[in-house]
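Please read the structure below before turning to the comments.
Protein chains in written order, with this note's numbering: chain A, 269 to 907; chain B, 2 to 253.
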């Protein structure tokens, strides 16, 4: 299979204009004859549903939550990047583009990233017009803060709840369209299979989580905006219910899965305290604007109270190693540095897996009131979880799984290799390369949903013509429904001895140990033996109580964990085959003497997209070369 | 520490429910309340019993999914936090803890501790938005907003839509929820054109969905995990009065 990225030719800055001009259009009278299914209502799903509805298409939106407002985009704290240059500090579309490409360690698609930077400015306008209460200066204009991987202040924010406010903005736009009848909202519905008719995505099979009823839905195109797969690690900053099922089942129907090994481990999370733990909590990267990260210089000091360790006995290791970016070094680099100092035995806290994030200097410089105004809610969260007051003692933080840059492969139109299947937001792979910069996830989700997809989907729709979708009585729908029922019955029939969560924990442990912040061939090969064995045990020995015809949360989790047990294997396989270090993917065999990641542009300047071949068969690795027309791939340096 | 739980179990909306008593194994005081329920559920599963159904998702107090009445108080003992941010260190060894679902007519129980809150979405759909077409927005800095108003709008916008205000109210009124959105949008210049039409429609939708009337007892504010102020209800009432004086929506 050849993966056609369909990037328009011509100068980088004109590609998006050119694409929009060349795209086929659907006339207003025909739009209402098309039905589009959107799965997910996070930033990408909600903004896409609302905008497509507004354009006149008939949209069905599915979420497994009790309301579209609950998607995990809501938990994003710090902010959203945009190349507004309101600070007059040298920002531009080109600089945002370049920072993002460089931040992604030159493993993103150049044209997609440039488009992202271009539409970033429209997103801020759109959200402000919707009533998103962004932080403002006394003059009434919008305020900005700095984020990792950038030397300009281009991050817009709403206290520590930027994701919440942007999502509620998109949700409000969705509400307007639901009220007008253009969008039909299905809450408590989980997508369990994708339906292909003649190779095109034409529908989904969903389960009503309240009644257990399984139903078929047909459409002219299917849009997946179902988020990332980071919960494959079990412990992560994701919401407990975030899962890979929608994209994984699409993968099993033929959609290529690109760069699954690109996972982001976020440097500033609250450390793990015990094995009962269900999730890890992020402390926004924005804290690194005013907090300084350090550990004791000497191991012997680790047990001391941090306030008793004098300045000269502290190692501000990010400021020491990366003087120009300091505490704002990108996430992958900051995380690895934290792991290194802890591996050296200089970690702090009960487990020894923690570093200090200290606000004493900022409180002295700005006063506690100002720090409280900027980060109050984050300090509150920290206090609730740890029972410690971070205004008085430094926070303890450690890296945790936070985001996945990999996802279903898409072309420039955001269409997967299955015609009619579009993938948006974290669920796709295209914009962040091997490492995502802070405040760029919100930007990408909204760019895809508000501005990209509505302009590109018409290309596909016009090519198939209005009113041509097959009905749900088509044989393909029956086959997919049977598949879904089969999985459910198999899970309920297995009267084993282990709970679903115990398998999830074990899988997470295997991945964290063998495919976490540092990866090597031996460990990956070991994981590739452990995971299939665990999967086999799962199907023999899992215990799923309850019935299928009512709310059954154990059954929901069982289906998702069954998929994670397959996702995890692909993740390790991809990590093994990518024998280079880039961004969040650090192969210990490939590093410079100073410990920095060693990329191999000669052999790996490409996207690896995996194609499913059937159960227990090795998937095929396809390659899309990354052609950089504008920027030169260089060694990333933040020193 | 160990505690005993008296938990509401109910098979589905139509069945009658009852309290059942469960004993927890030894717990770590740093566990969250929901992690404690996870542990109890693991035990129940291994014993072959059906685990307790409860709603949760982000587990960091922002998604608004979790919804338990703990010892008679929505979201548990502490002010300004959600159930998922409640930790076992807030309880004593040997405590008997009573765990119930939200109880309000517009929120029918689905199973055990899970209710549906679609009635809140209905209120939002009636007008909880600013009508702006994607792509039609002017430059974000073309409309300055005083920091005071922006901050106050943000205070209102912090609502997570959990419905604790409804669960706490003796009339099951959704006034605090509705007032937060009406106030957020009413404080911003962008929200002015639809301001009076919005408040009328949202209040009507609230009544239609079966929420009760507000008598300003303040129980909602007391349990709100985001400390949304009762002052916003005063703002809603003022806007509603003006809207009524102005007459039909066409003048709004």
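Where is the CB? At the ideal position from N, CA and C, for every residue including glycine.
Given the structure is predicted, the values throughout are model-derived calculations rather than measurements.
Review point. In chain order, what residues of the same chain have a beta carbon less than 8 Å from the beta carbon of residue 571 (chain A), not counting five sequence neighbours either side?
Key: There are no such residues.
Exercise for review: Could you name the residues of chain B that residue 541 (chain A) contacts, counting a contact when the two beta carbons are closer than 7 Å?
Suggested key: In chain order: 31.
Check your understanding: Is the beta carbon of residue 415 (chain A) sitting closer than 8 Å to the one on residue 498 (chain A)?
Key -> no
Review point. Taking C-alpha atoms, which residue in B:85, B:241, B:136, B:165 lies nearest to residue 653 (chain A)?
Key: B:85
Check your understanding: Helix or strand or just coil, what does DSSP make of residue 948 (chain A)?
Key -> Given that chain A is displayed from residue 269 to residue 907, the structure contains no residue 948 (chain A) and the question cannot be resolved.
Review point. Would you call the segment 480 to 494 of chain A and the segment 298 to 307 of chain A touching, i.e. three or more CB-CB distances under 8 Å?
Key: For the pair of segments examined, the segment 480 to 494 of chain A was found to touch the segment 298 to 307 of chain A: the number of CB pairs separated by less than 8 Å reaches three.
Check your understanding: residue 406 (chain A): buried (16+ other C-beta within 10 angstroms of its C-beta) or exposed?
Key -> exposed
Check your understanding: Taking C-alpha atoms, which residue in A:888, A:871, A:603, A:434 lies nearest to residue 879 (chain A)?
Key -> A:888
Exercise for review: Give the DSSP-derived three-state secondary structure of residue 690 (chain A) in the structure shown.
Suggested key: strand
Point to revise | Given residue 371 (chain A) as reference, the closest of A:468, A:600, A:350, A:859 once Cα atoms are compared | key: A:600
Check your understanding: Where does residue 459 (chain A) sit, in a helix, a strand or coil, going by DSSP?
Key -> strand
Practice item. Could you tell me which chain A residues have their CB closer than 7 Å to the CB of residue 142 (chain B), listed as they occur along the chain? Key: Near residue 142 (chain B) (Cβ distances below 7 Å), the residues of chain A are 354, 409, 410.
Review point. In angstroms, rounded to a whole number, what distance separates the CA positions of residue 251 (chain B) and residue 132 (chain B)?
Key: At residue 251 (chain B) the pLDDT is 48, less than 50, meaning the model places this residue with poor confidence and gives no usable figure here.
Point to revise | Straight-line gap, residue 55 (chain B) to residue 114 (chain B) (C-alpha atoms, nearest Å) | key: So the two alpha carbons sit approximately 5 Å from each other.
**Study point:** Proximity below 8 Å, CB of residue 335 (chain A) to CB of residue 162 (chain B)
**Key:** yes
Point to revise | Contact check, residue 502 (chain A) vs residue 828 (chain A), beta carbons under 8 Å | key: no
Practice item. Determine the contact status of residue 108 (chain B) and residue 164 (chain B), defining contact as a CB-CB distance below 8 Å. Key: With contacts defined as CB atoms closer than 8 Å, residue 108 (chain B) and residue 164 (chain B) qualify as a contacting pair.
Practice item. Please determine if the segment 428 to 435 of chain A and the segment 748 to 761 of chain A are in contact, where contact requires at least 3 C-beta pairs separated by less than 8 Å. Key: no
Point to revise | Reduced DSSP secondary structure (H/G/I, E/B, other) of residue 478 (chain A) | key: coil
Review point. By the criterion of Cβ-Cβ separation under 7 Å, what are the contact partners of residue 399 (chain A) in chain B?
Key: 131, 185, 186, 189, 191, 192, listed in chain order.
Check your understanding: Once you ignore the five residues that flank residue 719 (chain A) on each side, which residues in its own chain have a CB closer than 7 Å to its CB?
Key -> 387, 390.
Practice item. With a 10 Å radius around its C-beta and 16 neighbouring C-beta atoms as the bar for buried, classify residue 765 (chain A) as buried or exposed. Key: exposed
Review point. Between residue 27 (chain B) and residue 657 (chain A), what straight-line distance do the alpha-carbon atoms span, to the nearest angstrom?
Key: 27 Å
**Study point:** Neighbour flag for residue 65 (chain B) against chain A, beta carbons, 8 Å
**Key:** yes
Exercise for review: Quick one: which residues of the segment 146 to 174 of chain B get their C-beta closer than 7 Å to a C-beta of chain A? List them in chain order.
Suggested key: For the segment 146 to 174 of chain B, which is checked against every Cβ of chain A, the residues closer than 7 Å are 146, 147, 148, 151, 154, 155, 158, 159, 162.
Check your understanding: Applying a beta-carbon distance threshold of less than 7 Å, which residues of chain B neighbour residue 441 (chain A)?
Key -> Those within 7 Å of residue 441 (chain A) in chain B are 130.
Point to revise | Enclosing beta strand (DSSP E) for residue 638 (chain A) [first to last residue] | key: Taken as a continuous stretch (DSSP letters only), residue 638 (chain A) belongs to no beta strand (DSSP E), being part of the alpha helix (DSSP H) at 636 to 654.
Exercise for review: Say whether chain B places a C-beta atom closer than 8 Å to the C-beta of residue 569 (chain A).
Suggested key: no
Practice item. May I ask you to report which of helix, strand or coil DSSP gives residue 374 (chain A)? Key: Looking at residue 374 (chain A) - three-state DSSP - the assignment turns out to be coil, as it is neither helix nor strand.
Exercise for review: Measuring alpha carbon to alpha carbon, tell me which of A:462, A:549, A:807 ends up nearest residue 651 (chain A).
Suggested key: A:549
Exercise for review: Taking all protein chains shown into account, decide if residue 80 (chain B) is buried (16 or more other Cβ within 10 angstroms of its Cβ) or exposed.
Suggested key: exposed
Review point. Are residue 783 (chain A) and residue 850 (chain A) touching if we call contact CB-CB under 8 Å?
Key: Not a contact, by the Cβ cut-off of 8 Å.
Point to revise | Near-chain A residues of the segment 35 to 47 of chain B - C-beta to any C-beta below 9 Å | key: 35, 36, 37, 39, 40, 42, 43, 45, 46, 47
Review point. Is there a Cβ from chain A that is less than 8 Å from the Cβ of residue 86 (chain B)?
Key: Interface residue, yes.
Review point. Can you find a CB in chain B that lies within less than 8 Å of the CB of residue 534 (chain A)?
Key: Under the Cβ criterion of 8 Å, residue 534 (chain A) is not counted among the residues facing chain B.
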